[in-house]
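The structure under discussion appears below in the form of structure tokens.
Residue numbers (this note's numbering): -16 to 669.
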């Protein structure tokens, strides 16, 4: 995530040097992967005021622009259509290094005559300054921009690029990072003041909200703003969006993106006039339902996908992307703002199914707090009303079917010593936790707290998590290195690991090669091995979200995969083939998870020994396979017994069940010709 240092400083006083702050953030688990200085190349570029705009004597599309730089005035030739008297602009003097708007190369501004008139500088666009790709007109600065000030001092910034771990969705926001900086540096956190006037009809009388799937949408908030005027956002919002890697669009969409970056809560704006039935319904997509998303792609939806619908159709893919039918265009006058909390798993599955990812889905997939939607909505409503001149309808719709109360965590101070191996004072522990927003409630025991977890920390659930927070604030580098107080206890080798190793050694010495195949399969492959009537009686374990139809079920046998591997090898290899696999099969159990059973499957095929001067080529037969089994039993020190088998996949009379005492261990035999044909095997297999 990219964070502007100027934006960050609105919420916290940064009292330490940049290098020290980035180091502390990185050591606290918020890795700063890089820093980018915006404006480093803006030497000889200043804030100026346009005082005159005259026609060029020799060109209809060019103008002569006179600008005030504070201590001097100068004239430049400009072709931008949006230049006007009174504007504050970025003016580059001769010697400035700018990006050519056409070639994209960095060029030095030199004295030049344009159509016979000398130009003493350049009125800059955003592209020429490297701020964005916009080259349609000059960059207009706010009216309070100080004339004559170097642009690097006025707009210059440092952008931090942070790698946020999946368990910290609260840090996918500027305010979240500000909380961390305040805790690590001792700075004071300042949150935006949210206040706006409401008027007109109640929001609830103008639109209704129904959450059909409360398990998938635990909270849905909405506000309505009427009489808005769509236009470009102020420069300060555009600049902050650009520094965060987002493209400004208009004042409505920009506010939703701005608040998402500020609070970490995705929002969406609907053109209220396009909502049919004046309804919002949160439901699963109907079978065969389609939607044209904002990227103008028609997408087929499945019942696994959560959608936002009006009275007739889906108008957005919940938490991922809005629909084109309710897009906010320049003709929109009434805006419905959505701020909701969606189930992270359903958003993740929907994003994968549609092959569509967005800044919103990336946040929802990590699990956001249910308290966040209302706060972010109020902030977005405030900004939208201020920037569009709209009127906010009375009240906010807050459908909150999934409200939960978080219980405090019982936290013994001794846990810090046990897990960190160091003594930390009670006051120091309390100070560290409270700096992060935790509430340390006292108990009868002075060495134990009931810790209230702040609403934004969805990742903290137990005492060990609290110890981690203490360690982060104290600094992992401050935890002393200590020697072990006792020798590491000996642990015997896992018997199953020892058995696998023995089996592999024996089989490799017998000329086998080990193969590894997927644990997933499909009915078509299983039907090659098992008669359809038998397969129909099996309750196969189906994967909820299969990668494809080829990998739809958990395997119930190793044979199918091993025989498929044998067939591929026979097509590319001459001579004898010996392969084996050790792996788990999954047998269904009613009302419980599948039973996982570890199995060994081996197969021999082709010739035992190639034709040579020593003798003729000999085909592998049943006795070769039985010999391998006998070697395995001998190595495992088991007394085996071979009895006639009735396995349907093997030839009658050329197969045997393997017993040790009364327990059946396995089976050995020649593969039935029917199975050989099903797998396209060119030779007999055992």
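Ideal placement from N, C-alpha and C gives every residue a C-beta, glycine not left out.
Note that the structure is a prediction, hence the values are computed from the model and not measured.
Exposed or buried, which one is residue i when buried takes at least 16 other CB atoms within 10 Å?
i, result
"residue 499", "exposed"
"residue 462", "exposed"
"residue 714", "Absent from the model: residue 714. The displayed extent of the chain is -16 to 669, so no value can be given."
"residue 43", "exposed"
"residue 584", "buried"
"residue 337", "buried"
"residue 90", "exposed"
"residue 655", "buried"
"residue 237", "buried"
"residue -5", "buried"
"residue 526", "exposed"
"residue 466", "exposed"
"residue 288", "buried"
"residue 85", "exposed"
"residue 679", "The requested residue 679 does not occur in the structure, where the chain is confined to residues -16 to 669."
"residue 468", "exposed"
Heavy atom of the ligand FAD less than 8 Å from the Cβ of residue i, yes or no?
i, result
"residue 664", "Annotation note on the ligand FAD: not contained in the displayed structure, which lists no ligands."
In whole angstroms, what separates the C-alpha of residue i from that of residue j?
i, j, result
"residue 594", "residue 559", "In this prediction, residue 594 has a pLDDT of 47, which is less than 50 and means its spatial position is unreliable; what the coordinates show is noted afterwards. Cα-Cα distance, rounded: 12 Å."
"residue 290", "residue 282", "12 Å"
"residue 174", "residue 158", "8 Å"
"residue 251", "residue 59", "43 Å"
"residue 150", "residue 397", "25 Å"
"residue 22", "residue 110", "13 Å"
"residue 185", "residue 142", "42 Å"
"residue 134", "residue 395", "54 Å"
"residue 632", "residue 478", "31 Å"
"residue -3", "residue 208", "36 Å"
"residue 671", "residue 640", "No answer is possible for residue 671: the residues shown for the chain start at -16 and end at 669."
"residue 219", "residue 267", "39 Å"
"residue 229", "residue 342", "10 Å"
Please state whether DSSP places residue i in a helix, a strand or coil.
i, result
"residue 527", "coil"
"residue 278", "coil"
"residue 322", "strand"
"residue 178", "coil"
"residue 159", "helix"
"residue 171", "coil"
"residue 3", "helix"
"residue 165", "helix"
"residue 586", "strand"
"residue 388", "coil"
"residue 511", "helix"
"residue 236", "helix"
"residue 595", "Reliability of the predicted coordinates at residue 595 is poor, the pLDDT of 49 falling under 50, and the value obtained from them is presented with this limitation in mind. In this structure, residue 595 counts as strand in the three-state DSSP scheme."
"residue 442", "coil"
"residue -13", "strand"
"residue 39", "strand"
"residue 376", "strand"
"residue 316", "coil"
"residue 246", "helix"
Taking the Cβ atom as the reference point for each residue, do residue i and residue j lie within a distance shorter than 9 Å?
i, j, result
"residue 276", "residue 315", "no"
"residue 603", "residue 588", "yes"
"residue 279", "residue 296", "no"
"residue 189", "residue 376", "yes"
"residue 458", "residue 10", "yes"
"residue 509", "residue 534", "no"
"residue 204", "residue 384", "no"
"residue 662", "residue 637", "no"
"residue 442", "residue 391", "no"
"residue 29", "residue 52", "yes"
"residue 248", "residue 346", "yes"
"residue -1", "residue 7", "yes"
"residue 714", "residue 524", "The structure shown does not extend to residue 714, since the chain is modelled only from -16 to 669, so the question has no answer here."
"residue 373", "residue 210", "yes"
"residue 512", "residue 548", "no"
"residue 318", "residue 235", "yes"
"residue 164", "residue 358", "no"
"residue -14", "residue 114", "no"
"residue 222", "residue 140", "yes"
For this session: Please list the segments of the alpha helix (DSSP H) lying wholly inside the stretch 65 to 138, counting only runs of 4 or more residues, in order along the chain.
Result: Listed in chain order, the complete alpha helix (DSSP H) runs (minimum 4 residues) inside the stretch 65 to 138 are 134 to 138.
Exercise. For the stretch 599 to 668, which segments carrying the alpha helix (DSSP H) assignment without a break, of at least 4 residues, lie completely within its bounds, in sequence order?
Worked result: Fully enclosed alpha helix (DSSP H) runs of 4 or longer: 605 to 618 and 656 to 661.
For this session: Could you pull out every unbroken beta strand (DSSP E) segment of at least 3 residues lying fully inside the stretch 413 to 438, listed in chain order?
Result: The stretch 413 to 438 contains these whole beta strand (DSSP E) runs: 422 to 425 and 431 to 435.
For this session: Tell me the start and end of each unbroken alpha helix (DSSP H) in the stretch 457 to 504 that is at least 4 residues and wholly inside, in chain order.
Result: As far as the stretch 457 to 504 is concerned, its whole alpha helix (DSSP H) runs of at least 4 residues are 478 to 492.
Problem set entry | Those runs of the beta strand (DSSP E) which lie wholly inside the stretch 528 to 578 and span at least 3 residues | With a minimum length of 3 residues, the continuous beta strand (DSSP E) runs that stay inside the stretch 528 to 578 are 560 to 572.
For this session: Run through the stretch 249 to 313 for me and flag every whole beta strand (DSSP E) of 3 or more residues, listed as ranges in chain order.
Result: Restricting attention to beta strand (DSSP E) runs no shorter than 3 residues, the stretch 249 to 313 encloses them at 250 to 254, 262 to 267, 273 to 275, 281 to 283, 289 to 292 and 297 to 300, ordered along the chain.
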